[in-house]
């Protein structure tokens, strides 16, 4: 009897395989998106939404809508300090996890996510996964970014930024429309300050504050709304995106006409990347081949001097161009946005008292402690307690990079009592750490006084302050950012 039933089923399948195919597809989907992640996976015991645990596309949906960071924060508020946010990713928000994952010598490495930030096809300080390579590259530049060098009268950063502060203030006085629309003028200030520091005035330094339209046009890379859409496609649909942008001929025309490209097909390198590559090529041509003078304090010069020594780590031209362009890309948007949010916060009616307090602190500075333009010297500004508090509070609420910083470990480990299998992506975000109400009372309010001991435990707050990451991967430009802001 059973044999005849099986025979009939086999005959039915042979004559009409569609139902069986559908059943196999459904069974496979149930296994991969329900049974395995929720029943079998070693991560099944970690708290979190079952929908997020079942498929990566739930978090990808938040990412597409620009709500990923806020949504993860909400999940932490609901489920606690350890939350499973996708089948293979866990987000943490405890101080102990911070030390385990990001502490010096932790062994956790950056994931493949960071490779989207390679420039000119080369890895750089930001994209190296292996700690050794990152450490070797960082040693080449650490001194140039040190506080003593940044604040030095004989360095490149201090006179450059002081000059640009004067140009920025003059611009606000001369062009009232610019004063009302602060976004562009702050980015011009950032652009001129960063390019001069990285490339030197002669080989890539910009003059956007002085009205150079070509330099100002570089900001189009930042303000183009489709760039974020392209980033989403690169992260979540990498192979499909590569396929779209490598089509030629009739297929390319079809893809373009159907509007399938997340962003209009660019030239090889546009805006900032084009400027970075051109600056290196000019430096290489003028300095190396023609023997022209160059600013030996600029970052590009430091790397070139190392490459000439033939010491390890070896660098070629594209390595240098990629490294400097990465610093360019990292600095142009992040510092400007944080400064813009600080100005916005200070301008709000409820925060006028902070603006007045800041003015009062600045008014007390004697003329001997000011530069020739009447502004506080770098050393004096660095020691103003309320100014420091305003900057730190701005960085707390509006961190330059507030999103998750993914890491992984090639071996099994334990974090906060949870077993984490090898290859699992773990992450933490400044956004969530900086909104811990137990550490930062009234975390959503702009309250600079918390940083001078008037609200909360200052020692504890310093432990949780994570605007620049920590450990060996801490932002190399932290001192320049503080000086800049």
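Residue numbers (this note's numbering): 5 to 489.
In this text, a Cβ means the ideal position worked out from N, Cα and C, and glycines have one as well.
Since we're looking at a predicted model, the values are computed, not measured.
Residue-chain proximity (residue i, chain E), Cβ-Cβ < 8 Å
| i | result |
| --- | --- |
| residue 133 | Reference to chain E is not applicable here, since this structure consists of a single protein chain. |
For residue i: DSSP bridge partner residues
| i | result |
| --- | --- |
| residue 87 | 95 |
| residue 2 | Here the chain has residues from 5 to 489 only, and residue 2 is not among them. |
| residue 103 | DSSP, once it has assigned bridges, lists no residue as partnering residue 103. |
| residue 123 | 126 |
| residue 430 | 94, 411 |
Distance between residue j and residue i (C-alpha atoms, nearest Å)
| i | j | result |
| --- | --- | --- |
| residue 139 | residue 368 | 43 Å |
| residue 125 | residue 231 | 19 Å |
| residue 275 | residue 454 | 40 Å |
| residue 271 | residue 246 | With a pLDDT of 47 at residue 271, under the threshold of 50, the predicted position of this residue should be treated as unreliable, and no value is reported. |
| residue 110 | residue 104 | 6 Å |
| residue 53 | residue 465 | 29 Å |
| residue 4 | residue 421 | Since the first residue of the chain shown is 5 and the last is 489, residue 4 is not available in this structure. |
| residue 30 | residue 97 | 36 Å |
| residue 129 | residue 357 | 41 Å |
| residue 238 | residue 374 | 48 Å |
| residue 219 | residue 424 | 48 Å |
| residue 444 | residue 437 | 9 Å |
| residue 242 | residue 460 | 45 Å |
| residue 67 | residue 84 | 21 Å |
| residue 174 | residue 182 | 11 Å |
| residue 344 | residue 170 | 18 Å |
| residue 346 | residue 330 | 25 Å |
| residue 427 | residue 62 | 21 Å |
| residue 485 | residue 26 | 57 Å |
| residue 429 | residue 226 | 29 Å |
| residue 113 | residue 136 | 10 Å |
| residue 45 | residue 92 | 9 Å |
| residue 95 | residue 411 | 10 Å |
| residue 488 | residue 165 | 7 Å |
| residue 143 | residue 172 | 33 Å |
| residue 179 | residue 167 | 18 Å |
| residue 467 | residue 49 | 29 Å |
| residue 69 | residue 265 | 18 Å |
| residue 221 | residue 277 | 13 Å |
| residue 391 | residue 384 | 11 Å |
| residue 58 | residue 90 | 7 Å |
| residue 315 | residue 442 | 49 Å |
| residue 43 | residue 87 | 17 Å |
| residue 204 | residue 285 | 14 Å |
| residue 32 | residue 23 | 14 Å |
| residue 244 | residue 256 | 14 Å |
| residue 134 | residue 141 | 11 Å |
| residue 447 | residue 317 | 44 Å |
| residue 260 | residue 236 | 18 Å |
| residue 233 | residue 371 | 50 Å |
| residue 283 | residue 208 | 5 Å |
Residue i Cβ short of 7 Å to the ligand COA heavy atom set
| i | result |
| --- | --- |
| residue 453 | Annotation note on the ligand COA: not contained in the displayed structure, which lists no ligands. |
Whole-number beta carbon distance between residue j and residue i, since they are thought to touch under 8 Å
| i | j | result |
| --- | --- | --- |
| residue 471 | residue 399 | 4 Å |
| residue 382 | residue 223 | In fact, because the Cβ distance is near 27 Å, the residues do not count as touching under 8 Å. |
| residue 349 | residue 450 | 4 Å |
| residue 335 | residue 481 | 6 Å |
| residue 328 | residue 202 | 5 Å |
| residue 332 | residue 456 | Actually they do not touch by this definition, with Cβ atoms about 34 Å apart. |
| residue 106 | residue 439 | That pair is no contact at about 18 Å. |
Item to complete: Scan the segment 373 to 428 and note each continuous beta strand (DSSP E) run of 3 residues or more that stays entirely inside, going in chain order.
Response: For the segment 373 to 428, whole beta strand (DSSP E) runs of length 3 or above, ordered along the chain, are 417 to 419, 422 to 424.
Worksheet item: Contact between the segment 364 to 374 and the segment 230 to 250: three or more CB pairs below 8 Å?
Response: As far as the Cβ criterion goes, the segment 364 to 374 does not touch the segment 230 to 250, which means the pair count is below three.
Worksheet item: For the segment 431 to 439 against the segment 400 to 414, are there 3 or more C-beta pairs whose distance is under 8 Å?
Response: The count of Cβ pairs closer than 8 Å, one atom from the segment 431 to 439 and one from the segment 400 to 414, reaches three, so the stretches are in contact.
Discussion item. Threshold first: 4 residues or longer. Then list the alpha helix (DSSP H) segments lying entirely within the segment 219 to 292, N to C.
Written reply: Counting only runs of 4 or more, we get 224 to 227, 230 to 240, 242 to 249, 253 to 261, 275 to 287.
Worksheet item: Quick one: any contact between the segment 333 to 341 and the segment 183 to 200, if contact means 3 or more CB pairs under 8 Å?
Response: The segment 333 to 341, when compared against the segment 183 to 200, does touch it at the 8 Å Cβ threshold.
Fill in: the segment 461 to 479 in contact with the segment 320 to 330 per 3-pair CB rule at 8 Å
No: the two stretches stay apart, fewer than three of their Cβ pairs being nearer than 8 Å.
Worksheet item: Fully enclosed by the segment 315 to 351, which beta strand (DSSP E) runs are 3 residues long or longer?
Response: Runs found: none.
Worksheet entry | Contact between the segment 297 to 314 and the segment 151 to 161 (3+ Cβ pairs under 8 Å) | Three or more pairs of CB atoms, one per stretch, sit closer than 8 Å, so the segment 297 to 314 contacts the segment 151 to 161.
Worksheet entry | Stretch-stretch touch, CB-based, cutoff 8 Å, three pairs: the segment 210 to 217 with the segment 310 to 317 | With the cut-off at 8 Å, the segment 210 to 217 and the segment 310 to 317 do not touch.
Worksheet item: Enumerated in chain order, which unbroken segments of the alpha helix (DSSP H) with a length of 4 residues or greater are wholly contained in the segment 39 to 85?
Response: Within the segment 39 to 85, the complete alpha helix (DSSP H) runs of at least 4 residues are 54 to 58, 61 to 68, 72 to 83.
Practice prompt. Could you name each continuous beta strand (DSSP E) segment of 3 residues or more that falls completely within the segment 177 to 221, going from the start of the chain to the end?
Written response: Whole beta strand (DSSP E) segments, 3+ residues: zero.
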